[in-house]
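The structure appears below as structure tokens.
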Amino acid sequence: MNHFLKIFLFTLIAVIIKTNEASRCGCKNLRHCYGEMLHTLLDRDEAACVEDAAIGASTVTIFLKAIREYCGDVMNVISEHMTYEGRHLYEVVLTKDRPPSDKPEDQQPKPTIIIEAGQQGGTESVGLALYIIEQLVACEDYEPMLQYVTWVILPCTNPDGQEYSRYSQVSWKKNLRPSDDQLSYGVDITRNFDVQWGSCPKVESGFSTIYPGVSPASENETVFIKSVIAKHKKEAKIYVSLKRDGHSIHYPFGYTRNAPPNPSLLQRVAGDIAMRVNQRTGGVHLFMNTSVFDYEGKPHCGHSVDYAYESGIPLSYEMRVFLGSDNKIMSKFQSLPRGYDNSLRNGYFSGIREMYNVLTNEKKYGRITK
């Protein structure tokens with residue numbers, strides 16, 4: 001065979017393999033409905049996988065609408081709440097019936113994992129939430145994760161702040177509701193939950209980046225997250241708030257250094273999640289675990305993790321993802337490996353899979369109760 005023909009064939013095969021891998025979005029076995037969705041809706045120049053797409057409010061809406069239309073048997077999308085600027089706040093419920101052979105009469109209801117992302121604006125945590133949805137829906141490999149756990153995912157809980165940050169090129173972390181005097185705008189949603197809301201030093205200026213609002217739960221976004229927690233708290237065993245700028249997992253409390261009643265279980269699970277992340281990311285930047293208070297070095301009142309924990313969800317965490325400012329600091333001293341974002345994404349998803357293991361491996365963790 002001609003030498004140049006061999007090179008051409010090898011190149012063609014490599015392109016075909018790469019294309020097939022992209023169209024499967026990392027899945028060994030692509031769910032039929034997802035493959036049909038890609039075949040029907042995908043234009044030639046569009047990204048096949050959400051991790052390759054530019055993340056914005058419209059991306060979230062289009063992605064969820066498409067999956068619901070084609071894979072509605074495993075997911076439902078609820079959009080009853082809206083932001084000040086009129087953007088939808090989506091609640092995505094992913095679940096599938098257990099196998100018929102695994103349904104004893106006295107079977108307990110499936111446990112629920114609640115994951116919400118984007119309280120502080122930005123696209124990183126929102127992109128990760130969409131990636132989690134993609135993997136659970138697209139990959140038949142993760143069928144048991146839908147059969148034995150119900151997943152409630154709020155992929156973007158501050159779309160107004162996210163869009164403002166995208167288009168103004170400002171690292172904006174609040175929402176965009178104007179103050180009553182119309183002089184300032186934005187409330188820090190991470191400080192707006194009604195748990196120890198008034199225990200920190202009072203911040204009255206609406207211009208402050210940590211302004212907690214005029215009262216607890218004053219914001220549409222806060223009310224939305226609270227309503228989802230209230231709806232699912234009976235079966236919810238794990239709550240995770242994905243946030244930008246960092247690489248670590250944090251457990252209660254934020255408002256005090258004191259440990260909660262079950263610190264050993266909270267810390268053990270956080271440690272196991274951190275270990276899974278570090279195994280996949282190669283250890284260039286260690287994924288740490290500590291309390292919210294110790295991470296920030298000072299009280300953080302009105303935190304959603306404290307609220308979820310006080311609402312009865314026994315394993316409540318904040319998860320900081322994609323380094324953010326830490327990445328900029330690191331790059332001054334060393335260059336990160338090529339494709340490191342993909343490694344981080346895969347590592348974080350390994351951590352999410354470990355949360356599933358926590359709820360289904362009773363031999364290791366026992367039965368998780370309130």
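Position 97 of the sequence shown, counted from 1, bears residue number 97 in UniProt numbering, the numbering being contiguous throughout. Where is the CB? At the ideal position from N, CA and C, for every residue including glycine. For clarity, every value in this text was computed on a predicted model and none was experimentally measured.
Exercise. By how many angstroms is the C-alpha of Arg-244 removed from the C-alpha of Thr-157?
Worked result: 13 angstroms
For this session: For the alpha helix (DSSP H) containing Asn-342, list its first residue and its last residue.
Result: 340-360
For this session: On the DSSP bridge assignment, give the partners of Ser-248 in chain order.
Result: Met-288 and Arg-320
For this session: Use the C-beta contact count for Glu-204: other C-beta atoms within 10 angstroms, 16 or more gives buried, fewer gives exposed.
Result: exposed
For this session: Apply the 10 Å Cβ neighbour rule to Gly-347 and answer buried if 16 or more other Cβ atoms are within range, or exposed otherwise.
Result: buried
Problem set entry | Beta carbon of Glu-116 nearer than 9 angstroms to that of Ile-249 | no
Exercise. Which residues does DSSP pair with Ile-67 in a beta bridge?
Worked result: Answer by DSSP bridge pairing: none, since Ile-67 is not bridged.
Exercise. Mapping DSSP to helix, strand and coil, what is Glu-36?
Worked result: helix
For this session: Could you please give me the residues that DSSP links to Lys-243 through a beta bridge?
Result: Arg-320
Exercise. When we look at the beta-carbon of Asn-258 and count the other beta-carbons within 10 Å, is it buried (16 or more) or exposed?
Worked result: exposed
Exercise. Thinking just about the alpha-carbon of each residue, which of Leu-146, Leu-136 and Phe-63 is nearest to the one in Asp-97?
Worked result: Leu-146
Exercise. So what does DSSP say about Pro-178, is it helix, strand or coil?
Worked result: strand
Exercise. Less than 8 angstroms between the CB of Leu-146 and some heavy atom of the ligand PLP, yes or no?
Worked result: Among the ligands in the structure shown, none appear at all, so the ligand PLP cannot be discussed.
Exercise. So, is Val-60 buried or exposed, given that buried needs 16 or more other C-beta atoms within 10 angstroms?
Worked result: buried
Exercise. Is it true that the CB of Thr-83 sits closer than 9 angstroms to the CB of Leu-89?
Worked result: yes
Exercise. Apart from the five residues on each side of it in sequence, which residues of its chain come closer than 6 angstroms, Cβ to Cβ, to Cys-49?
Worked result: Cys-25
Exercise. How is the alpha helix (DSSP H) around Asn-220 delimited, first residue to last?
Worked result: 220-232
For this session: Leaving out five residues on either side along the sequence, give the residues of the same chain with a beta carbon under 8 angstroms from the beta carbon of Ser-350.
Result: Arg-276, Val-277, Gln-279 and Arg-280
Exercise. Can you tell me whether DSSP reads Lys-237 as helix, strand or coil?
Worked result: strand
For this session: Quick one: give me the first and last residue of the beta strand (DSSP E) that Ala-308 is part of.
Result: Careful: Ala-308 lies outside any beta strand (DSSP E), inside the alpha helix (DSSP H) at 304-310.
For this session: Identify every residue that forms a DSSP beta bridge with Met-75.
Result: Leu-94
Exercise. Hey, Tyr-239 and His-303 are a contact pair by Cβ (cut 8 angstroms); roughly how many whole angstroms apart?
Worked result: Actually they do not touch by this definition, with Cβ atoms about 12 angstroms apart.
For this session: Could you pull the start and end residues of the beta strand (DSSP E) that Ile-153 belongs to?
Result: 150-154
Exercise. Ordered along the chain, which non-local residues of its own chain (more than five positions away) have a Cβ less than 8 angstroms from that of Ser-79?
Worked result: His-88, Leu-89, Tyr-90 and Glu-91
Exercise. Beta-carbon of Pro-144 versus every beta-carbon of chain D: anything under 9 angstroms?
Worked result: In the displayed structure, chain D is absent; only one protein chain is listed.
Exercise. Which whole-angstrom value describes the C-beta separation of Arg-31 and Ala-138, a residue pair presumed to lie in contact below a C-beta threshold of 8 angstroms?
Worked result: 6 angstroms
Problem set entry | contact_flag[the stretch 179-192, the stretch 210-225] where n(CB pairs < 8 angstroms) is 3 or more | yes
Problem set entry | Neighbourhood of Leu-64 by C-beta, 7 angstroms cutoff - its chain only, sequence neighbours within 5 removed | Val-77, Tyr-90 and Val-92
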